[in-house]
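Remarks on the structure that follows.
In our numbering, the protein residues as written are 13 to 341.
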């Protein structure tokens, strides 16, 4: 009896396949690309969530340092000497060699060695302070900031040939303009002098320092510091790293006609400060987190505040004794 022999085309029966066909390879590539496309946003969100937690932890550490300072001196530190146009020269008022709050709380951040490098009898631009002033402090850097230069010139003189270590956080000096819209530029004070000449927590120059006893609006309803990585004076050792907020959080304006906030515009009708987009990341609280910025309250807690917060509520958070009702935020 004859056997029938079947003939197959391409490979013998029982022989295993050794490669993908072109169609199969293209299908696999398409599936892998789709999976990567689905996973990448999730990975990016997870990374930003981790960076945001790191930023909040920075604020909590600074909160402990502020309270250690308060336990020692009975008040919080000053924002700085302020009012200096030429950073080469010390303050014109004798006895006001006040460095920024970032320098004052260094011991509470376990940076005693760096604090000891600072010559408190000299202005921060003095050669005696060059080494300390150029030293970056990790807790002052928000992980979400997209890797800008670690050193920057002083805000009063950006052409100054010496650079100083930046900080991504600024102090609360109060607010102006937010609480009285449609009126413009309501002033940053309580109608008096001394401590009543500013509504915030960290004074400048000879203005009296503020303690917890002065925060009658409640320590959980008052901002102490917040994020401001691109602030004009965002130098931790500098003389006025504080903000009298005059626009919403993360606000950006393209022209003088684009903003209702008179504090963002100079008398000449140009955006203020000159050469920058008005209140855009110059003298206002802002962040690189989506939807808002993180703040340290006087009670030591850190909170994320939405950029869509009611401006009356936000201005109340920047006021220590205005008597406003804050509510939920």
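We put the CB at the ideal spot given by N, CA and C, even for glycine. Small disclaimer: the values here were computed from a predicted structure and weren't measured.
- Based on the DSSP secondary-structure assignment, which residues constitute the bridge partners of residue 307? Within the DSSP secondary-structure output, residue 307 pairs in a beta bridge with 238 and 315.
- Message: Mapping the DSSP letters down to three states, classify residue 249 as helix, strand or coil.
- Response: Residue 249 falls in the coil class under three-state DSSP.
- Query: Which same chain residues, not among the five before or five after residue 80, have their C-beta less than 8 Å away from its C-beta?
  - Reply: 117, 119 and 120, listed in sequence order.
- Query: Which term fits residue 139, buried or exposed, when burial requires 16 or more other beta carbons within 10 angstroms of its beta carbon?
  - Reply: Residue 139 counts as exposed, since fewer than 16 other beta carbons sit within 10 angstroms of its beta carbon.
- Query: Alpha carbon to alpha carbon, what distance is there between residue 150 and residue 341?
  - Reply: So the two alpha carbons sit approximately 29 Å from each other.
- Message: Alpha carbons only, please: which of 223, 228 and 143 is nearest the one belonging to residue 85?
- Response: Of 223, 228 and 143, the residue nearest in Cα terms is 223.
- Item | Sufficient close CB pairs (3 or more, under 8 Å) joining the region 192-204 to the region 168-184 | The region 192-204 vs the region 168-184: no contact.
- Item | Length at least 3, wholly inside the region 146-198: the beta strand (DSSP E) runs in chain order | Runs found: 181-187.
- Message: Let's test the definition: count the other Cβ atoms within 10 Å of the Cβ of residue 256 and tell me whether it reaches 16, buried, or not, exposed.
- Response: Residue 256 is buried by the Cβ-count criterion.
- For the alpha helix (DSSP H) that residue 229 lies in, which residues bound it at each end? Where residue 229 is concerned, there is no enclosing alpha helix (DSSP H), given that its DSSP letter is neither H nor E.
- Inter-residue Cα distance where the pair is residue 226 and residue 49: Cα atoms of residue 226 and residue 49: separation of roughly 53 Å, rounded to the nearest angstrom.
- Task: Leaving aside the five residues before and after residue 129 along the sequence, list all residues of the same chain whose C-beta is less than 8 Å from its C-beta, in chain order.
- Result: Leaving aside the five residues that flank residue 129 on each side, the residues in its chain whose CB is nearer than 8 Å to its CB run, in chain order, 141, 143, 144 and 147.
- Message: Does residue 112 come out as helix, strand or coil in the three-state DSSP assignment?
- Response: In this structure, residue 112 counts as coil in the three-state DSSP scheme.
- Can you name, in chain order, every residue of its own chain whose Cβ lies under 6 Å from the Cβ of residue 33, other than the five neighbours on each side? No residues qualify anywhere along the chain.
- Pull up the DSSP beta-bridge partners for residue 216, would you. Within the DSSP secondary-structure output, residue 216 pairs in a beta bridge with 92.
- Item | Alpha carbon of residue 203 to alpha carbon of residue 327, nearest angstrom | The alpha-carbon atoms of residue 203 and residue 327 are separated by roughly 16 Å.
- Query: Can the beta-carbon of residue 3 be found closer than 8 Å to that of residue 90?
  - Reply: Coverage of the chain is limited to positions 13 through 341, which leaves residue 3 absent and any answer about it impossible.
- Using three-state DSSP, classify residue 341 as helix, strand or coil. Three-state DSSP puts residue 341 in coil, outside helix and strand.
- Item | Contact belief for residue 208 with residue 332 at Cβ below 8 Å, rounded distance in angstroms | About 11 Å; that fails the 8 Å criterion.
- Query: Which two residues bound the contiguous alpha helix (DSSP H) that contains residue 128?
  - Reply: Following the DSSP letters along the chain, one finds residue 128 inside the alpha helix (DSSP H) bounded by residues 124-129.
- Are the beta-carbon atoms belonging to residue 36 and residue 156 less than 8 Å from one another? Contact flag unset, no.
- Query: In terms of residues, what are the limits of the beta strand (DSSP E) holding residue 255?
  - Reply: Secondary structure note for residue 255: its beta strand (DSSP E) is the uninterrupted segment 254-257.
- Message: Would residue 247 and residue 178 be called neighbours here (beta carbons separated by less than 8 Å)?
- Response: Yes, these two residues count as a Cβ contact at 8 Å.
- Looking at the structure shown, is residue 299 part of a helix, part of a strand, or coil, going by DSSP? Coil at residue 299, not helix or strand.
- Item | Member of 241, 92, 188 and 78 whose CA lies at the smallest distance from the CA of residue 163 | Nearest option by C-alpha distance: 241.
- Quick one: what's got a C-beta closer than 6 Å to residue 317's C-beta in the same chain, skipping five residues either side? So the qualifying residues of the chain are 304 and 307.
- Task: Enumerate in chain order the residues of its own chain whose CB-to-CB distance from residue 63 is below 7 Å, with the five nearest sequence positions on each side excluded.
- Result: Sequence-distant partners of residue 63 (beyond 5 residues in either direction) whose C-beta falls short of 7 Å from its own C-beta, in its chain, are 155 and 156.
- Among 137, 206 and 199, nearest to residue 173 - alpha-carbon criterion: Per the Cα distances, 137.
- Query: What residue does the alpha helix (DSSP H) around residue 327 start on, and which one ends it?
  - Reply: Residues 323-329.
- Apply the 10 Å Cβ neighbour rule to residue 93 and answer buried if 16 or more other Cβ atoms are within range, or exposed otherwise. With 16 or more Cβ atoms within 10 Å of its Cβ, residue 93 is classed as buried.
- Relative to the alpha-carbon of residue 296, which residue among 319, 243 and 68 has its alpha-carbon at the smallest distance? When the alpha-carbon of residue 296 is set against those of 319, 243 and 68, the nearest one is in 243.
- For residue 1, which option in 66, 87 and 313 has the closest C-alpha, if you only look at C-alpha atoms? This structure cannot speak to residue 1, because the chain is shown only from 13 to 341.
- Query: Between the Cα of residue 1 and the Cα atoms of 338, 272 and 249, which residue gives the shortest distance?
  - Reply: This structure cannot settle anything about residue 1, because the visible part of the chain is limited to 13 through 341.
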